[in-house]
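A.B. asks: Once you know that position 27 of the sequence shown is 27 in this note's numbering, the rest is easy, because the numbers rise by one and skip nothing.
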Amino acid sequence: MELQILLITAVSIAFIHTLIGPDHYLPFIVMAKARGWRIGKTLGITFWCGVGHVLGSVVLGIAGVALGVAVQSLEILEGYRGDLASWLLIGFGIAYGVWGVRLAWRRKEHVHPHDHEDDHHHHKHHHLGSHAHLHGDEQSITPWALFVVFVLGPCEPLIPILMYPAARGGWMDLLWVTLAFGAVTIATMMAIVFVMVKGLARIDLGFMERYIHALAGFIIAVSGLAIKLFGL
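1) Is residue 193 near residue 46, with beta carbons less than 8 Å apart?
2) On the criterion of 16 or more Cβ atoms from any shown chain inside 10 Å, does residue 57 qualify as buried, or is it exposed?
3) By the 10 Å Cβ neighbour count, where 16 or more other Cβ atoms means buried, how is residue 73 classified, buried or exposed?
4) Tell me the rounded alpha-carbon separation between residue 189 and residue 198.
5) With 16 as the cutoff for other CB atoms within 10 Å, does residue 221 come out buried or exposed?
6) From residue 204 to residue 82, what distance separates their C-alpha atoms?
7) Just the C-alpha distance for residue 29 and residue 230, rounded to the nearest angstrom, thanks.
8) Please state the DSSP three-state secondary structure of residue 85.
9) Thinking C-alpha only, which one of 26, 89, 180 and 20 is nearest residue 11?
10) Looking at the structure shown, is residue 157 part of a helix, part of a strand, or coil, going by DSSP?
11) Among 187, 228 and 158, which residue has its Cα nearest to the Cα of residue 175?
12) Where does residue 219 sit, in a helix, a strand or coil, going by DSSP?
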């Protein structure tokens, strides 16, 4: 009976915690729009970041249970991890946003006069093509940066509310509760990302398209700031 209660609690907390935490899905949504990621790639990145996010706290929780560490000590450590993850998300967002502003400026059309012997005319151009593509290492940095941030980001309710109480029923109870929490967390992340990415794909940003990378960086920084200020 106690295991059933813990499983229901794990599923409920995982869903609500993920839903109200914009950092769980906004980075993937805005980066998919800015980078033009296909839905399969976006969901793949979301999945692995979700796995890293959950495993970071699971490994710490299992170590705490095995070593008999007081739950208060792990909560303090999780708090430090949360601060680090939020600052990294803010920093990543600001850095990406600044890069996006620079990119938008380079894509701004401007006029060049041309004088010939019997002709004087102007033409408009910018220094990039219609889409700015990144290649090689530059293209792979963003998913890895997000993965590192999510590995460092803790699942705050997992250890004190679920793992330690489940451990009193044995290792199998701990395993089932952890799997339930992790599966629902990752599934919720992917479901929200899927719906939002599909919805955004239908929206034409018009002239704001040029600023899409800057907007993406700003939104990621704000989601990190929300964690810092409101503990989401």
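C-beta: ideal position from N, C-alpha, C; glycine also.
C.D. replies: Working from what's here:
1) yes
2) buried
3) exposed
4) 14 Å
5) buried
6) Going by C-alpha positions, residue 204 is about 35 Å away from residue 82.
7) 21 Å
8) helix
9) 180
10) Taken through DSSP and simplified to helix, strand or coil, residue 157 comes out as coil.
11) 158
12) helix
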